[in-house]
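Structure, as structure tokens:
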Amino acid sequence: MERSHPKSIKLPETLEVFRNIKNAKGFAIDIGISLTKIAYWSTISHRRALYDEGFINSKDDSKMVYEVSEGARLHFIKFETKYIENCLDFINQNLVGAPSTMMGKSIKGTGGGTYKYSELILSKLGLTVEKENEISCLIKGCNFLLKNMADESFVFQRHGNPEYKFQSVDPDIFPYLLVNIGSGVSIMKVESEDSYERIGGTATGGATFWGLGSLLTKAKGFDELLELAEKGDHRKVDVLIKDLTGRDYLELPGDLIAASFGKAALMKEGKDSEPGNQFSECDVARSLLFTISNDIGQIACLYAMMHGLKKVYFGGYFLSGHPLSMHTVSFAINFWSRGAVQPLFLRHEGYLGAIGAFLKGAEECDAEKYSWLENYAGSSGLGNPMPTHIASDSLGSLQCSQPENLSSTASMNCPLGVASPVGLVVDQLEMDRWEPQAVYCPLLARPAKYVPDTEDLTQDAEAREYWLSCFEESVEKFALRAMESQPGSSTAKDRAHKFKQKYVCRLHYLREHPFAYGCLTVRSLLDTIEHCLKEFDFPDPYLKQKQEENERAFAALPSCLQKVDNLEWRERQELLITMVLAGNVFDWGAREVAELMESSDFGLEEASHHLEKRPWMVDNLDAWIERIKGPPHNCAAIFVDNSGVDIVLGVLPLARELLKRKTKVILCANSAPALNDVTFTELLMILKQAGSICNIIKTALAEGRLIGMETGQAGPCLDLSRISRKLADAMVSHKVDLVIIEGMGRSIHTNLDAVFVCESLKVAVVKNRWLAKRLGGDMFSVMCKYEQAPKERRGQVC
Amino acid sequence: MAHTPFNVMNGSVEIEDRSEVPSMPWFGMDIGGTLSKLVYFEPKDITPDEADAEVETVKNIRRYLTKNSAYGKTGHRDIHLEMDNVVIRRRTGALHFIRFPTSEMDTFLELAKSKGMANLVTTVCATGGGAYKFEDNFRKEVNMRLRKFDELDSLIKGMLYIETNNPRECYFWSNPTEDDHCEKCYYDFSHPYPFLIVNIGSGVSILAVYGPYSYKRISGTSLGGGTFLGLCCLLTGCNSFEEAICLAAGGDNTRVDKLVKDIYGGDYGRFGLPGDLVASSFLAVHSFGHMNSKEKRAMVSKEDLARATLVTITNNIGSIARMCALNEKIERVVFVGNFLRVNPISMKLLAHAMDYWSKGTLKALFLEHEGYFGAVGCLLEFEGTDS
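Next up, the structure:
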């Protein structure tokens, strides 16, 4: 770790592909007949603004102290194999020290094309290619994705609601069948990390589709062929059951294809000259797509049944998220297995081999020891390749876009069709190493059934529309705040602008393709803001504000505590919860409240006037008070929300009351900044400061009865399937029997329906008029949801 | 697809016992997606009395059918399949096997009309999808009613009958990958159960047969003979199945397909993919894999394309059949259907595929009357009366 000032920090790469190529390490390559995937990892430096006692009174942000943390990022890039030379040249020109530093080194390679291009790689980069077994790479890659990527796999139901049904991560991913549809098809049975075998395959794969397609139509590429298929009508080319019989037949529905291409022969003989029987090349393309996909589905299904496997994952380039192909494959599997075999698709199906090869060569990166998070800012969405500035013309010079080329670079992030016409089209995936290791919260009652998000915006069009618009309207404020957070930086304005552009672009894309990054949720939209801010080097735009608000809140703490202590027991308990609620009104993430907070001198008192009068929208206050009349809890884990009034005047007094009851308290805060939420490092300082004001807190801190811990989260929501192992261990060792979750992001957008093995209290103020209406309340409605431990589990907590 | 009993079937013994034998002529029809099959029973035990009483039209039809081997432009009689001395319903005679393209149904009906059929037979037993589709045409053109029988019942019934009556019906190919040593060998199919039938017509049906009255349809695929012919017509401009097969015989699919060795430069040993196992097309790691580059396309002939199409379709059928057999734990796989007519390339490929991938545990069997079993089954059902 080093400390430095912002000026010594480089701007992040504005180049959108082969990002961080300058310090790339551990290359691996997967060269397929059609597509090439390059994998590497880089260390990325992220500034992290430090919450420091020293700078509060300083108006000069250059005095602000940053910590530079080194993180690791995995990069995967996919492009057409015919451009491999351009890409190798590009790497050669941009990788620092290349090729001299690479001379004599080797990289892992997989895929059929590795044999063909080894020489080229040696001559361009001085690297020898160590060929890795293709099938073991595919499986390693598939396991890695299933374990690390949220919403990696999905069931596809064409025209269903939702069309994409993302599967929550099953703690146990085995056994499964992996069907890799490349040029040909390979079928593997996978029983564990190390136990797998290729059990079959077929020659009728992507190359058959493309090869036959290029003979039968004028399509100039795979995608063009798919476009034709999308427009065609296979019934003009295929013989259906009802063509043979005029109706359903045997047990077969009339619409079922009896003979693929069966009408093509009749036609050729010129006997059937009815105009309705003419077919176009679109019809041929569609029939061909159906022929191949149906066949692959059927063969996959036969293998799955033969080996008693219920899950079939598809990888390879053939499907590439194409709805018609996925639909046909799914149809075939459901038809032939009568629903016993489940066809599952992967968001990153094309990267399996590259990921596997990379993992085999990347001991240095220790990829398998960490958990990894998709970087939404740097990854392409499902079926959304990005044009780049790498010229696709093989004679064209390769260019790296320069930082001054800002507007066009930003547009690179826009979906296909918006950006410059000259670029090579690539798809990329980035994953950031996430420390510490993430695990399920041990207090979840049914971890395998846990879904963090309350609302699935892919299913709910109205909610989707609302939130996308809501975030688009808010982004201006976020950008402004980001810019203002670095007044001393000459590039802040540009970066803030780019941040805004990137995020708005993403929102527009998501409006058209809500499934592009997995399940669309308020959480994923909020996380994307954080990823984008980080991308443009705004490590913590609210830092200064958070600190100022904390200071102001601390000034009010003594009188506040006195007020609490003067009350009778019951009134005190009521007030404590009300204070948490009033504190929770202070939230810069909520647009309407942000305006309120900016407009006047807004304090806890003012805030509490805004609160809904009792009975609240969800009002279990009496039950809660009834409960604490009883024996004290052993240990409470409180997931905190905002800085300032919220934590200092809301959460701390409640924690203090619990401590007075001899209940231990673990305060759980984000590991990394998100909006004005308290971070772990801030929490430690807040506790220290609180200790200097209140003796109860001071003593509890000293005795280890009040502990601050990090959650392992970096967004304003809470995903209890990925909390830090340390926190999970602490929850067990301290025998936590009460979970308190505070705030909209953590207890309404997520975890509203989460069930725990112990008691839980979810407290939040709804600071969004639309959502409040939806929940059956109004602006500033209150949720105070107290739940006892489920009966069967009570008494055997932890 | 549960076990379907032979709902409309009677054993042939019962039929023979019937006192009321239907009047001549006796036909059975199977109207498929591409080909229509007609089986005709020619009685050879006609007594003088009977001959006297016989209607002139019946004689004419018999004469027309048995003296010719071609009817109109597209009707053919497979003389080599003719079976003599068969007994049906106590009558002894010969079975004749006739086929014509289903697309020529109008011509067929016209011919039948011109031979006076409209005055004779009132009901014909038929199966296949076309029995439903052309029902109205038969009634309108030749005043004939089609009595429809289940396609799969007929297929199995006809197959068992022919197999019992023809000792050299069932065969296999020995050494299918070596052109010089490959031979057709007769197979004793007297204890057939259980076995798989893979019926390759325009599409493919796969049945598991456990006994004469017990079978189920377990699978099928739309990639069948119709797909081969359709694709061949589009790719090569050919006009008929015979022509397509002829082209395929002179072609080389390795100029179209990518083989294991094209990619790996040899075997892909770890997973048992042979790199250079004879000239077997099981090597094709992807069919038509060479076809997306202009240069490769320029080197490829119509013959090569036809061959690649044939190999692709055949291999696909082979692998589906093989997995069905494994799933059903059945070792004998009988391939029938007109896709195999004049098509030793496919038969040998199938024979090899079954043998190679099962390491010798699966046996591919073939039947001489490959496409006619459904029609034979219908002929056996024929009772000559309206029902």
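Quick mapping for you: the protein sequence lines, in order, are chains A and B.
The first sequence begins at 27 in the numbering used here and counts up one residue at a time.
The second sequence begins at 311 in the numbering used here and counts up one residue at a time.
Glycine included, C-beta positions come from ideal geometry on N, C-alpha and C.
Chain-ordered neighbours of residue i on chain A, where CB pairs are closer than 9 Å
| i | result |
| --- | --- |
| B/Phe410 | Those do not exist, as B/Phe410 stays about 12 Å from chain A at its closest Cβ, beyond 9 Å. |
| B/His491 | The premise fails here: B/His491 is roughly 26 Å from chain A at the closest Cβ pair, so nothing lies under 9 Å. |
Chain B residues whose Cβ lies nearer than 9 Å to that of residue i
| i | result |
| --- | --- |
| A/Ile828 | This structure cannot speak to residue 828 of chain A, because chain A is shown only from 27 to 824. |
Inter-residue Cα distance where the pair is residue i and residue j
| i | j | result |
| --- | --- | --- |
| A/Cys467 | A/Ala790 | 21 Å |
| A/Arg537 | A/Gly52 | 37 Å |
| A/Asp115 | A/Ser149 | 10 Å |
| B/Glu691 | B/Ile341 | 16 Å |
| A/Ala176 | A/Arg490 | 19 Å |
| A/Phe316 | A/His260 | 8 Å |
| A/Asn646 | A/Lys811 | 5 Å |
| B/Ile325 | B/Thr474 | Per-residue confidence for B/Ile325 stands at a pLDDT of 43, beneath the threshold of 50, marking its modelled position as unreliable; no derived number is given. |
| A/Ala54 | B/Glu605 | 31 Å |
| A/Ser750 | A/Gly347 | 33 Å |
| A/Tyr492 | B/Asp567 | 52 Å |
| A/Asp804 | A/Ala798 | 5 Å |
| B/Leu587 | B/Lys658 | The pLDDT assigned to B/Leu587 is 40, lower than 50, so where the model puts this residue is not dependable; a value taken from the coordinates is nonetheless given after this. One C-alpha to the other measures close to 15 Å. |
| A/Cys824 | A/Pro349 | Low per-residue confidence applies at A/Cys824: pLDDT is 40, beneath 50, and the placement is therefore not dependable, though the value from the model is reported in the following sentence. Approximately 45 Å, taken between the alpha carbons. |
| B/Ala663 | B/Ile640 | 16 Å |
| A/Ala518 | A/Glu156 | 44 Å |
| B/Tyr497 | B/Leu419 | 39 Å |
| A/Glu300 | B/Val365 | Interpretation of A/Glu300 is limited by its pLDDT of 49, a score under 50 that renders its predicted location unreliable; no figure is taken from the coordinates. |
| B/Val652 | B/Val646 | 12 Å |
| A/Ala542 | A/Leu533 | 11 Å |
| A/Lys246 | A/Glu106 | 14 Å |
Neighbour list for residue i in chain C, Cβ cutoff strictly below 7 Å
| i | result |
| --- | --- |
| A/Ala284 | Absent here is chain C; the protein component of the structure consists of chains A and B. |
Cβ pair residue i, residue j closer than 8 Å
| i | j | result |
| --- | --- | --- |
| A/Ala358 | A/Leu203 | no |
| A/Phe665 | A/Thr547 | no |
| A/Gly382 | A/Ser162 | yes |
| B/Ile507 | B/Val621 | no |
| B/Phe535 | B/Thr344 | Inspection of the sequence shows that residue 535 of chain B is occupied by Gly rather than by Phe. Contact flag set, yes. |
| A/Val165 | A/Phe340 | It should be noted that the sequence gives Ile, not Val, for residue 165 of chain A. Not closer than 8 Å, so no. |
| B/Met415 | B/Leu405 | no |
| B/Leu348 | B/Gly684 | no |
| B/Ser379 | B/Ile389 | yes |
| A/Leu483 | A/Pro540 | yes |
| A/Leu787 | A/Ile774 | no |
| A/Leu171 | A/Leu372 | yes |
| A/Leu314 | A/Val783 | no |
| B/Leu557 | B/Glu613 | yes |
Per-residue contacts from residue i into chain A (C-beta, under 7 Å)
| i | result |
| --- | --- |
| B/Met393 | Within chain A, no residue comes near B/Met393; the closest Cβ sits about 28 Å away, beyond 7 Å. |
| B/Lys443 | Leu270, Thr271 and Gly272 |
| B/Gly440 | Leu270 |
CA nearest to the CA of residue i, picked from the options
| i | options | result |
| --- | --- | --- |
| A/Lys793 | A/Val211, A/Arg598 and A/Cys496 | A/Cys496 |
| A/Met623 | A/Ser68, A/Gln571, A/Glu577 and A/Leu709 | A/Gln571 |
| A/Val674 | A/Ile64, A/Glu574, A/Tyr275 and A/Phe305 | A/Glu574 |
| B/Gly560 | B/Thr619, B/Thr432, B/Arg401 and B/Leu672 | B/Thr619 |
| A/Pro679 | A/Ser697, A/Ile719, A/Trp650 and A/Leu251 | A/Ile719 |
| B/Leu569 | A/Gly404, A/Arg578, A/Leu328 and A/Thr234 | A/Thr234 |
| A/Gln512 | A/Val477, A/Pro641 and A/Leu559 | A/Leu559 |
The ligand GDP heavy atom lying under 7 Å from the CB of residue i
| i | result |
| --- | --- |
| B/Ser379 | The ligand GDP is not among the ligands present in this structure, which contains no ligands whatsoever. |
Residue i: contacting residues in chain B (beta-carbon distance under 7 Å)
| i | result |
| --- | --- |
| A/Ile325 | Ser629 and Ile630 |
Contacts of residue i in chain B (Cβ-Cβ under 8 Å)
| i | result |
| --- | --- |
| A/Lys289 | Gly540 |
Given 8 Å, three or more beta-carbon pairs between the region 538-547 of chain B and the region 480-488 of chain B: Because the criterion of three Cβ pairs below 8 Å is not met, the region 538-547 of chain B and the region 480-488 of chain B do not touch.
Three CB pairs or more closer than 8 Å across the region 218-237 of chain A and the region 276-292 of chain A: no
At least three beta-carbon pairs within less than 8 Å, the region 594-605 of chain B to the region 629-641 of chain B: no
Touching by the beta-carbon criterion (3+ pairs, under 8 Å), the region 576-588 of chain A and the region 543-563 of chain A: no
Validate contact between the region 262-269 of chain A and the region 305-314 of chain A using beta carbons, cut 8 Å, 3 pairs: yes
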